[in-house]
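2 protein chains.
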Amino acid sequence: MALDYFEPLPSTIPQMADNRVTPEKIDLGKALFFDPRLSASGVFSCYSCHNLTTGGDDNMETSVGHGWQKGPRNSPTVFNAVLNIAQFWDGRAEDLKAQAKGPVQAGVEMANTPDNVVATLNSMQAYKDWFADAFPGEAEPVSFDNMARAIEAFEATLITPAPFDAFLNGDDMALTDVQKEGLQLFVDKGCATCHNGVNLGGNGYYPFGLVEKPGADILPEGDKGRFTVTETAMDEYVFRAAPLRNIAVTAPYFHSGKVWDLKVAVQVMGVAQLGEEVSDEEAVKIVAFLESLTGEVPEVTLPTLPAETANTPRPTAEVVPN
Amino acid sequence: MALDYFEPLPSTIPQMADNRVTPEKIDLGKALFFDPRLSASGVFSCYSCHNLTTGGDDNMETSVGHGWQKGPRNSPTVFNAVLNIAQFWDGRAEDLKAQAKGPVQAGVEMANTPDNVVATLNSMQAYKDWFADAFPGEAEPVSFDNMARAIEAFEATLITPAPFDAFLNGDDMALTDVQKEGLQLFVDKGCATCHNGVNLGGNGYYPFGLVEKPGADILPEGDKGRFTVTETAMDEYVFRAAPLRNIAVTAPYFHSGKVWDLKVAVQVMGVAQLGEEVSDEEAVKIVAFLESLTGEVPEVTLPTLPAETANTPRPTAEVVPN
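So the sequence lines, in the order shown, correspond to chains H and E.
With UniProt numbering as the guide, the letters of the first sequence map in order to residues 1 to 322.
With UniProt numbering as the guide, the letters of the second sequence map in order to residues 1 to 322.
Below you can see the structure in the form of structure tokens.
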């Protein structure tokens, strides 16, 4: 039954037709992912908001960025993100390499520019060598696009096999009885209508508040979701269904990050999307099932990054007004 | 000759009489070192300013902390710091466990309180278990003091053997000819008077500007160094001699972080401390020698931290005025 709705993680690193994942690209991407010099201030790296020690996100309602500004939406986990059909809460980036360019340039996040990033990377010989190795035969391997490609390749390795995968792969003992009851409820109540596939979500767009709009604390009026991307009235307050892998370790919830308790989040979803009161007892079982989606984090050894040179642009904490 | 002034790194993790380093303490300390929830905002961990990918420091003049405030002094590398006689630029912490309590509480850094840290740690069962394992037999293993002890234990493992150690251990080929000339100049000119011992510094206090005070850009008048600790007139503008291991990868230099070029830093030191103009040619050789102090960073695998619970204090980006 479960395989009608869900799919286990692949056993190898997902490959992308337009960005073949190679060991050289992974290594370069790992260095870039951890390098705070991709931000104007030198304070933030990809890792800052997609912290691999805390579920691949940052445990905040919305992230703190350049100049102590707060970002507009909750930072999603980078784990298994490669398997989403598109990136960001509104799906505005078609893949991780498109996504990677966003925060680097966002004024409230890393506040950098492509030119400054390329100048930074070109100032360090090791980066020039690594880009040449990762993008062999290219005339100008060090580029903002290739930075994004390498980061995507590294992120493609961040796959977290969970007990639920073992269950889908045939191990009936991988879930507890309560978790199995939660799974049954998850399907019977209709959660799996949107939260399905390999990431139990991340693969479709739905109005938040399909049946009943949650309060403005959870669904702030000013953020119209995918409407901003498509400018189509029917996309008002539409968001990508949240992928649910590692959901139990990535509070707070929703694009607004306003709900910290997973049980409450389940109950909010019941009313908002299904018009159904999920009882405490049911919600506890569904949460138990969701806990079976907490996966094993791949071992990540910290890279050693090249040192700045005289040509490296200096960090600036200055906040430039828009 | 070199062994008259310098000492190679120990081949095992340095032990402290009052804080025995055990595997359990190291593992706990690593988790704490990487945990941004030790800061009030959830933005900063020890790793933020002592970044293990970039020389154990943060490549900024002075660090950016809570509320985007700038710290008063350049962040020193955590690598080999266990071997300094005291911590901070003014030596105000007698060891790393005393040091570790500082930034966690500093309003311009992590802006947290011991009570809030302990509440945070006690809210997660895994931390309670890890503290019990690391501090067996203690009635209340989860404490701010034990947090600091565990962090010290992890930091004691961050030792970076360098070509200069191989040289001191008898490998004449470990330094190039230019590096050997630089070493000779380093000793002959008197640099080794203050920069000696196992960390080539970090073991004594000296006035910055012993012979001639550098300009206020490099030595800001408002920061009187060790005077603030001892309140003794002779300690005005006195600082701990900077330990020089990994100096080539930890720009910018001095407590003010105002000099980015190591060659310039060497020349500033020549005039300020020795009353001697170091020529470009000499400075290049000394820098070549200093590059032999860039060590191999130990392999650090990221920990997986426990998830917050309903009892975990929530992060706050709010800046509380003093």
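From the three backbone atoms N, C-alpha and C, an ideal C-beta is built for every residue, glycine too.
Quantities reported herein were computed from a predicted structural model and do not represent experimental measurements.
Return helix, strand or coil for A242(H), following the three-state DSSP convention.
-> Taking the first residue of the first sequence as position 1, residue 242(H) is located at position 242. Assignment of A242(H) by DSSP, reduced to helix, strand and coil, places it in the coil class.
Within chain H, the residues that S123(E) reaches when beta carbons sit closer than 7 angstroms = By 1-based counting over the second sequence, the position of residue 123(E) is 123. In chain order: nothing, as chain H lies at least about 12 angstroms away.
Based on the DSSP secondary-structure assignment, which residues constitute the bridge partners of E205(H)?
-> Along the first sequence, read from residue 1 onward, the residue named residue 205(H) stands at position 205. In the sequence as presented, Glu is not what sits at residue 205(H); that position holds Tyr. Partner(s): R240(H).
So, is M124(H) buried or exposed, given that buried needs 16 or more other C-beta atoms within 10 angstroms?
-> One-based indexing of the first sequence puts residue 124(H) at position 124. Under this definition M124(H) is a buried residue.
When the cut-off is 8 angstroms and only beta carbons count, does G182(H) lie next to chain E?
-> Sequence index remark: in the first sequence, residue 182(H) carries index 182 (1-based). So, not an interface residue.
Nearest-angstrom Cα distance between G65(H) and F33(H)?
-> For this step, residue 65(H) is matched to residue 65 along the first sequence. For this step, residue 33(H) is matched to residue 33 along the first sequence. G65(H) and F33(H) have their C-alpha atoms some 16 angstroms from each other.
Could you give the DSSP three-state label for F34(H): helix, strand or coil?
-> Here the question's residue 34(H) lines up with position 34 in the first sequence. Correct three-state label for F34(H): helix.
Which residue from M269(H), T230(H) and M110(H) puts its Cα closest to that of F44(H)?
-> Here residue 44(H) refers to the residue found at position 44 of the first sequence. Checked all of M269(H), T230(H) and M110(H); the closest Cα to F44(H) is M110(H).
Closer than 8 angstroms to chain E by CB, T113(H) | Walking along the first sequence from the start, residue 113(H) turns up at place 113. Chain E, which has no Cβ nearer than 8 angstroms to the Cβ of T113(H), makes this no.
Taking T22(E) as the reference, which of F154(E), P207(E), V249(E) and V278(E) has the closest Cα?
-> Locating residue 22(E) in the second sequence gives position 22, where the first residue counts as 1. Taking only the C-alpha atoms, the option nearest T22(E) is F154(E).
State the DSSP-derived secondary structure class of N84(H), mapped to helix, strand or coil.
-> Counted from its first residue, the first sequence places residue 84(H) at position 84. Here N84(H) sits in coil by DSSP.
Out of A174(E), E231(E), A307(E) and L38(E), point me to the one whose CA is closest to T54(H)'s CA.
-> Here residue 54(H) refers to the residue found at position 54 of the first sequence. Comparing Cα-Cα distances from T54(H) to each of A174(E), E231(E), A307(E) and L38(E), the minimum goes to A307(E).
CB-CB length for N74(H) against F239(H), believed under 8 angstroms | Residue mapping note: residue 74(H) aligns to position 74 of the first sequence, counting from 1. Residue mapping note: residue 239(H) aligns to position 239 of the first sequence, counting from 1. That pair is no contact at about 11 angstroms.
Cα-Cα, which of P298(E), V259(E), P315(E) and P303(E) is closest to A156(E)?
-> Position 156 of the second sequence holds residue 156(E). With distances taken between Cα atoms, A156(E) lies closest to P298(E).
Along chain A, in chain order, which residues have C-beta atoms closer than 8 angstroms to that of F239(E)?
-> Among the protein chains in the structure shown, which are H and E, there is no chain A.
C-beta contact flag for E276(H) and L185(H) at 8 angstroms = Numbered from its first residue, the first sequence carries residue 276(H) at position 276. Numbered from its first residue, the first sequence carries residue 185(H) at position 185. Not in contact: E276(H) and L185(H) (Cβ atoms no closer than 8 angstroms).
Sufficient close CB pairs (3 or more, under 8 angstroms) joining the stretch 180-199 of chain E to the stretch 282-291 of chain E | yes
Rounded distance between the beta-carbons of V82(E) and P161(E), thought under 8 angstroms | Along the second sequence, read from residue 1 onward, the residue named residue 161(E) stands at position 161. Along the second sequence, read from residue 1 onward, the residue named residue 82(E) stands at position 82. Going by Cβ atoms, the distance from P161(E) to V82(E) rounds to 14 angstroms, so no, they are not a contact pair.
Looking at C-alpha atoms only, which residue of D18(H), P163(H) and T230(H) is the closest neighbour of F135(H)?
-> The residue given as residue 135(H) occupies position 135 in the first sequence. The shortest C-alpha separation from F135(H) is found at D18(H).
Between the Cα of A126(E) and those of V142(E), E138(E) and G222(E), spot the shortest distance and give me the residue it belongs to.
-> Mapped onto the second sequence, residue 126(E) falls at position 126. Out of V142(E), E138(E) and G222(E), V142(E) has the C-alpha closest to the C-alpha of A126(E).
Interface residues of chain E facing G67(H) [CB-CB closer than 9 angstroms] | Taking the first residue of the first sequence as 1, we reach residue 67(H) at position 67. Chain E residues near G67(H): W68.
Given V108(E), which residues of its chain have a CB within under 6 angstroms of its CB, disregarding the five upstream and five downstream residues?
-> Taking the first residue of the second sequence as position 1, residue 108(E) is located at position 108. Excluding residues within five positions, the ones whose Cβ falls inside 6 angstroms are G65, Q69 and G71.
Just to confirm, are N116(E) and P243(E) a CB contact at a threshold of 8 angstroms?
-> What you label residue 116(E) is simply residue 116 of the second sequence in a count that begins at 1. What you label residue 243(E) is simply residue 243 of the second sequence in a count that begins at 1. No; because the gap between Cβ atoms is not below 8 angstroms, this pair is not in contact.
Closest by C-alpha distance to V264(H), when choosing among V278(H), N199(H) and T232(H) = In the first sequence, the residue the question calls residue 264(H) occupies position 264. Per the Cα distances, V278(H).
Cβ contact check for the stretch 265-272 of chain E and the stretch 205-222 of chain E: 3 or more pairs under 8 angstroms = Because the criterion of three Cβ pairs below 8 angstroms is met, the stretch 265-272 of chain E and the stretch 205-222 of chain E touch.
Along chain H, in chain order, which residues have C-beta atoms closer than 9 angstroms to that of G107(E)?
-> Numbered from its first residue, the second sequence carries residue 107(E) at position 107. By Cβ distance, chain H contributes nothing, its closest Cβ being about 14 angstroms from G107(E), past 9 angstroms.
Under 8 angstroms Cβ to Cβ from A241(H), same chain only, skipping five residues before and after it: list those, please.
-> Locating residue 241(H) in the first sequence gives position 241, counting from the first residue. Contacts found: C194, H195, G201, G202, N203, G204, Y205 and Y206.
For E155(H) and chain E, any beta-carbon pair shorter than 8 angstroms?
-> Mapped onto the first sequence, residue 155(H) falls at position 155. It does not; no Cβ of chain E falls within 8 angstroms.
Return the chain-ordered list of same chain residues with a C-beta closer than 7 angstroms to the C-beta of F289(H), the five sequence neighbours on each side being excluded.
-> For the purposes of this step, residue 289(H) is taken as the residue at position 289 of the first sequence. Hits under 7 angstroms: Q179, G182, L183 and F186.
Mind checking whether E152(E) and A86(E) have CB atoms under 8 angstroms apart?
-> Sequence index remark: in the second sequence, residue 152(E) carries index 152 (1-based). Sequence index remark: in the second sequence, residue 86(E) carries index 86 (1-based). No, the pair does not count as a contact, with Cβ atoms beyond the cut-off.
In angstroms with no decimal places, state the Cα-to-Cα distance between S92(E) and V198(E).
-> In the second sequence, counting from the first residue as 1, residue 92(E) sits at position 92. In the second sequence, counting from the first residue as 1, residue 198(E) sits at position 198. It should be noted that the sequence gives Arg, not Ser, for residue 92(E). Counting only the Cα atoms, V198(E) lies some 20 angstroms from R92(E).
Quick one: grab the DSSP three-state call for N51(H).
-> Numbered from its first residue, the first sequence carries residue 51(H) at position 51. The answer is strand: DSSP assigns N51(H) an E or B state.
Going along the stretch 299-310 of chain H in order, which residues come within less than 8 angstroms of chain E, judged by CB to CB distance?
-> E299, V300, T301, L302, P303, T304, L305, A307, E308 and A310
Per DSSP, which residues does T301(H) bridge with? Please list them.
-> Position 301 of the first sequence, counting from 1, holds the residue named residue 301(H). Beta-bridge pairing links T301(H) to T301(E).
Shorter than 8 angstroms from the beta carbon of P315(E) to some beta carbon of chain H?
-> Position 315 of the second sequence, counted from the first residue, corresponds to residue 315(E). Closer than 8 angstroms: yes.
G225(H) to P214(H) span [Cα, whole Å] | On the first sequence, residue 225(H) is found 225 positions in, with the first residue counted as 1. On the first sequence, residue 214(H) is found 214 positions in, with the first residue counted as 1. Their backbone Cα atoms lie some 14 angstroms apart in a straight line.
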